[in-house]
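Residue numbers (the numbering used here), protein chains in the order written: chain A, 417 to 802; chain B, 417 to 802.
Where is the CB? At the ideal position from N, CA and C, for every residue including glycine.
These figures come from a predicted structure and were not determined experimentally.
To keep things clear, I will list the structure first and then write my remarks on it.
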DNA sequence: TCGAATTAATTTAGTAACCGAAGAAAATAG
DNA sequence: CTATTTTCTTCGGTTACTAAATTAATTCGA
């Protein structure tokens, strides 16, 4: 047998970690496959698998000899139902709460009652959680953490919401409050970061080492994974693509400057502009429909939005050269004028060399996206602590 | 004694690494200081120090009791002369080679003879190295590696220069060629990346976890350190700030598109523009002087260059939120119109929130900057392999 | 049908890299 | 000269691995 290639080994923090990562990326793997993929010795795989089996984190599938010579392989699989996580998205109009399993599947959906203050949030979350657990008959003991996606500026390390315009909060220790009330570990994260974690953990970025995620919502946010790690910026505020200047003489932005990308391509700004132009579009699907049926104004708005976004995203690609750019559409633009304009603008503004090497993906977000992503943070932290 | 804080431990790959990093950042440290700084146990520090002392990598300073109670402390210090590294910068008009010590001090400077092909480079490098060693009477045995900064696109992992316009090279296995000829380990790196490594290892970025370096040369390059690691992008081409579009209707760039930052603020472009305007400035100091003495054209060129660069750098700050932005001036602009315009443009284009939190630094490069930076790559790799 | 071959997984023994606690070393204070 | 203080080392133990040998469970071929 050739000496084992250990070049990959350093990529993982530990053998346990490597095994979990491999099992998240693949439905089921045998011990020898795990050894090969992770670069960890078969002996160590046996040991780690034993520990995980004992905990109930993984299960053995019935062995399948299958016409092959040799001892039959026994596949291992994460037991998705082993643990559940709570995901919560605050800052939106509604406050959805979900319970997911270990693989990010939503088991239960339960919106919170309206709230204003942090303590009202705590109370509403407690009630919604109890109800969700009751309805889905999930024992509390199976919960292993809560993730919260906040639309605003967050200090993830300390679990503090530093500022949220939507909630009118400043320096609220959200994580501590909820952890105390619900007796569970709580992590909070900016919503764009949460979506990126979700994509990395459960979504289409699972095997990408470097990617950026761009969220098309009321405002435009982005987040970067670099070297398999979420990069938050030195003070937790990387990814402010929405405030890249597009037109120095443009509309005043709430950040105090003029012509930020948000004022041209943010959902909120587009709704305002549509209203000002006399178009009665309540959501972006409506605006796209106007454009589709010949409205020059709608078309112009969407095209200039797409151009601006493509321009800013091109800067991102030139600067960071991600493997993939994931656009997440939570405003319901769908595949229309906006997307086409983004694609075109990207093509026009990116060096030829990058065009082939950076994948561009568009995703339609469902309503559970943010809370589900939030839950993935808790899942990630839990599995990393194992 | 309170239980030791081990929160920092994970930041380092190993105790050895932590000790070296601490000793690079500090002139001299006692074992107990090292233990405190790195979070490694005193026992482990003793062990690591012993190994390093044996190798001659560090030395003990004479102990100083100094009026204090208790056993006198013994300070440890990297022995800069323990090992030397070769740095080489290719792609410029001249090809400077330097020999540095372990702390990045240049011991000897020896430009290469002219060359065109890779094999001519190998020969010229061998001759220059021999001469440099002879002149400085450094024994060959003290050399531990060669770092090469290439102006072009590089695959650092495989040691291949994928493309260099200045050299007219394509897929040249530079590292392998030189390693074979000179019997030393060779690393190559894009020049902007090399400068960033130099700043991180020996320069003002030693204790910065995240920073970006922007090189103002014939072309404009940039490089990012993120989470204490050089981030090269998924295919080794992050940092192409020079090809961010500033003016879609601008001058044709050699990348095939129009109005790239390089065509407005690159040294090469500015020289061309100055010549076209009838200004006989051979270098950028000359152009700045024209502006200083009232030339409206020179002033306009430098201001628009600075505005464009500030605009692009603002995008970088919004996207990546580095702790620090280090501009390295290798064209000799000095502190004039250009810098002022960059600073102003940054202020105008960056959200207020970032203004205070992102440090902006300008550095004047000396002629040894690139080869010295190249040598730091070899030093880094050598110390990491210990 | 039964051993040979083959592949998967486990066991065993060993190592590197740490840690904590106790102890030794080298100074000062009284 | 002894107690105190601080630095550094020694010692024993743990964790997380590895390589090599061994066992397990199957198919193939005579």
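#### Entry: Whole-angstrom distance between residue 619 of chain A and residue 419 of chain B, CA atom to CA atom
Translated into positions along the second chain, residue 419 of chain B becomes position 3. Translated into positions along the first chain, residue 619 of chain A becomes position 203. Annotation note: pLDDT 39 at residue 419 of chain B (below 50); position unreliable, coordinate value reported separately. Computed Cα separation, rounded: 41 Å.
### Message
Please state the DSSP three-state secondary structure of residue 674 of chain B.
### Response
For the purposes of this step, residue 674 of chain B is identified with residue 258 of the second chain, where counting begins at 1. Strand, per DSSP.
#### Entry: Cβ neighbour criterion (16 or more within 10 Å) applied to residue 521 of chain A
On the first chain, position 105 is the one that residue 521 of chain A refers to. Burial call: exposed.
### Query
Among B:680, B:545, B:751 and B:552, which has the Cα closest to the Cα of residue 717 of chain B?
Along the second chain, read from residue 1 onward, the residue named residue 717 of chain B stands at position 301. For residue 717 of chain B, the nearest C-alpha among the options comes from B:680.
### Message
Does chain A have any CB closer than 8 Å to the CB of residue 739 of chain B?
### Response
For the purposes of this step, residue 739 of chain B is taken as the residue at position 323 of the second chain. Chain A has a Cβ within less than 8 Å of the Cβ of residue 739 of chain B.
### Query
Of the residues B:635, B:675, B:609 and B:535, which one's Cα is nearest the Cα of residue 627 of chain B?
Here residue 627 of chain B refers to the residue found at position 211 when the second chain is read from its first residue. Out of B:635, B:675, B:609 and B:535, the CA that lies nearest to the CA of residue 627 of chain B is found in B:609.
### Query
Exposed or buried, residue 771 of chain B, counting other C-beta atoms within 10 Å across all chains shown (16 or more means buried)?
On the second chain, residue 771 of chain B is found 355 positions in, with the first residue counted as 1. Answer is exposed; the Cβ neighbour count stays below 16.
### Task
Taking the CB atoms as reference points, tell me whether residue 611 of chain A and residue 623 of chain A lie closer together than 8 Å.
Residue numbering aside, residue 611 of chain A sits at position 195 when the first chain is read from its first letter. Residue numbering aside, residue 623 of chain A sits at position 207 when the first chain is read from its first letter. No; because the gap between Cβ atoms is not below 8 Å, this pair is not in contact.
### Task
Under the assumption that residue 591 of chain A contacts residue 575 of chain A (Cβ atoms under 8 Å), give the Cβ distance between them as a whole number of angstroms.
As a working mapping, residue 591 of chain A is identified with position 175 in the first chain. As a working mapping, residue 575 of chain A is identified with position 159 in the first chain. About 2 Å separates the two Cβ atoms, so the contact holds.
#### Entry: Contact the segment 747-760 of chain B vs the segment 699-708 of chain B: 3+ CB pairs below 8 Å
Using a Cβ-Cβ distance cut-off of 8 Å, the segment 747-760 of chain B and the segment 699-708 of chain B are in contact, since at least three pairs of beta carbons, one from each stretch, lie closer than that value.
### Task
Find the nearest neighbour of residue 641 of chain A within the set A:615, A:505 and A:658, judged by alpha-carbon distance.
Position 225 of the first chain, counting from 1, holds the residue named residue 641 of chain A. Residue A:615 is the option with its Cα nearest to residue 641 of chain A.
### Query
Which residues, taken in chain order from the segment 634-646 of chain A, show a beta carbon closer than 9 Å to some beta carbon of chain B?
The segment 634-646 of chain A vs chain B, Cβ under 9 Å: 638, 640, 642, 643 and 645.
### Query
Of all the options B:691, B:719, B:525 and B:482, which has the alpha carbon lying nearest to the alpha carbon of residue 762 of chain B?
Locating residue 762 of chain B in the second chain gives position 346, where the first residue counts as 1. Nearest in C-alpha terms to residue 762 of chain B, of all of B:691, B:719, B:525 and B:482, is B:719.
### Query
Using the C-alpha atoms, what's the distance from residue 799 of chain B back to residue 437 of chain A?
Residue numbering aside, residue 437 of chain A sits at position 21 when the first chain is read from its first letter. Residue numbering aside, residue 799 of chain B sits at position 383 when the second chain is read from its first letter. In a straight line, the C-alpha of residue 437 of chain A is about 30 Å away from that of residue 799 of chain B.
### Task
Report the option in B:696, B:782, B:776 and B:657 whose CA atom is closest to the CA atom of residue 724 of chain B.
One-based indexing of the second chain puts residue 724 of chain B at position 308. Out of B:696, B:782, B:776 and B:657, B:657 has the C-alpha closest to the C-alpha of residue 724 of chain B.
### residue 694 of chain A versus residue 736 of chain A - alpha carbon distance
Sequence index remark: in the first chain, residue 694 of chain A carries index 278 (1-based). Sequence index remark: in the first chain, residue 736 of chain A carries index 320 (1-based). Their backbone Cα atoms lie some 40 Å apart in a straight line.
### Query
Is the beta carbon of residue 715 of chain B sitting closer than 8 Å to the one on residue 707 of chain B?
Stepping through the second chain from its first residue, residue 715 of chain B is reached at position 299. Stepping through the second chain from its first residue, residue 707 of chain B is reached at position 291. Yes, these two residues count as a Cβ contact at 8 Å.
### Message
Against chain B, with Cβ distances strictly below 8 Å, would residue 796 of chain A count as a contact?
### Response
The residue you call residue 796 of chain A lines up with position 380 of the first chain. So, not an interface residue.
### Message
Quick check for students: name the residue ranges of the alpha helix (DSSP H) that lie wholly in the segment 612-689 of chain B, counting only runs of 4 or more.
### Response
List check, alpha helix (DSSP H) in window: 677-681.
### Inter-residue spacing [alpha-carbon to alpha-carbon] between residue 644 of chain A and residue 625 of chain A
Within the first chain, the letter at position 228 stands for residue 644 of chain A. Within the first chain, the letter at position 209 stands for residue 625 of chain A. Near 5 Å, if we compare the C-alpha coordinates of residue 625 of chain A and residue 644 of chain A.
### Task
Using a cut-off of 7 Å between C-beta atoms, extract the partners of residue 660 of chain A located in chain B.
In the first chain, the residue the question calls residue 660 of chain A occupies position 244. The answer, in chain order, is 731 and 734.
### Query
By DSSP, does residue 489 of chain B sit in helix, in strand, or in coil?
As a first step, residue 489 of chain B is located in the second chain; it is residue number 73 there, counting from the start. Strand, per DSSP.
### Task
Take every Cβ of the segment 491-504 of chain B, pair it with every Cβ of the segment 431-446 of chain B, and state whether three or more of those distances are shorter than 8 Å.
Touching, yes.
### Query
When you compare only the Cα positions, how much space is there between residue 512 of chain B and residue 532 of chain B?
On the second chain, residue 512 of chain B is found 96 positions in, with the first residue counted as 1. On the second chain, residue 532 of chain B is found 116 positions in, with the first residue counted as 1. Going from the Cα of residue 512 of chain B to the Cα of residue 532 of chain B covers about 15 Å.
### Message
For residue 550 of chain A, count the other beta carbons within 10 Å of its own beta carbon; 16 or more makes it buried, fewer makes it exposed. Which is it?
### Response
Walking along the first chain from the start, residue 550 of chain A turns up at place 134. Label assigned to residue 550 of chain A: exposed.
### Task
Reducing DSSP to helix, strand and coil, say where residue 480 of chain A ends up.
Taking the first residue of the first chain as 1, we reach residue 480 of chain A at position 64. It is a strand residue.
### Query
What residues from chain A crowd round residue 773 of chain B, counting only those whose CB sits closer than 7 Å?
Counted from its first residue, the second chain places residue 773 of chain B at position 357. Within chain A, the C-beta atoms nearer than 7 Å to that of residue 773 of chain B come from 651, in chain order.
### Assigned secondary structure, residue 571 of chain A (DSSP; H/G/I helix, E/B strand, else coil)
Locating residue 571 of chain A in the first chain gives position 155, counting from the first residue. Note: residue 571 of chain A maps to strand in three-state DSSP.
### Three-state class that DSSP yields for residue 734 of chain B in the structure shown
Taking the second chain and counting its residues from 1, one reaches residue 734 of chain B at position 318. Here residue 734 of chain B sits in helix by DSSP.
### Task
Report yes or no: do three or more beta-carbon pairs, one from the segment 542-558 of chain B and one from the segment 494-505 of chain B, lie closer than 8 Å?
Counting C-beta pairs closer than 8 Å gives three or more between the segment 542-558 of chain B and the segment 494-505 of chain B, which meets the contact rule.
### Query
Exposed or buried, what is residue 471 of chain A when buried is set at 16 or more other beta-carbons lying within 10 Å of its beta-carbon?
Locating residue 471 of chain A in the first chain gives position 55, counting from the first residue. Exposed, by the Cβ-count rule.
### Task
Tell whether a beta-carbon distance below 8 Å holds between residue 667 of chain B and residue 792 of chain B.
Locating residue 667 of chain B in the second chain gives position 251, counting from the first residue. Locating residue 792 of chain B in the second chain gives position 376, counting from the first residue. By the CB criterion at 8 Å, residue 667 of chain B and residue 792 of chain B fall outside the cutoff.
### Message
Between residue 657 of chain A and chain B, is any beta-carbon pair separated by less than 8 Å?
### Response
Counting from one through the first chain, the residue named residue 657 of chain A turns up at place 241. It does; some Cβ of chain B falls within 8 Å.
### Task
Kindly say whether residue 586 of chain A, judged by its beta-carbon, lies nearer than 8 Å to any beta-carbon of chain B.
Counting from one through the first chain, the residue named residue 586 of chain A turns up at place 170. Taking Cβ atoms only, chain B never reaches closer than 8 Å to residue 586 of chain A, which makes this a no.
### Query
Ordered along the chain, which non-local residues of its own chain (more than five positions away) have a Cβ less than 6 Å from that of residue 540 of chain B?
Counted from its first residue, the second chain places residue 540 of chain B at position 124. Within the same chain, and ignoring the five residues on either side of residue 540 of chain B in sequence, the residues whose Cβ sits closer than 6 Å to its Cβ are 528, 529 and 531.
### Message
Just checking residue 708 of chain B against the ligand GTP - is the residue's beta carbon closer than 7 Å to any of the ligand's heavy atoms?
### Response
No copy of the ligand GTP appears in this structure; indeed no ligand is present at all.
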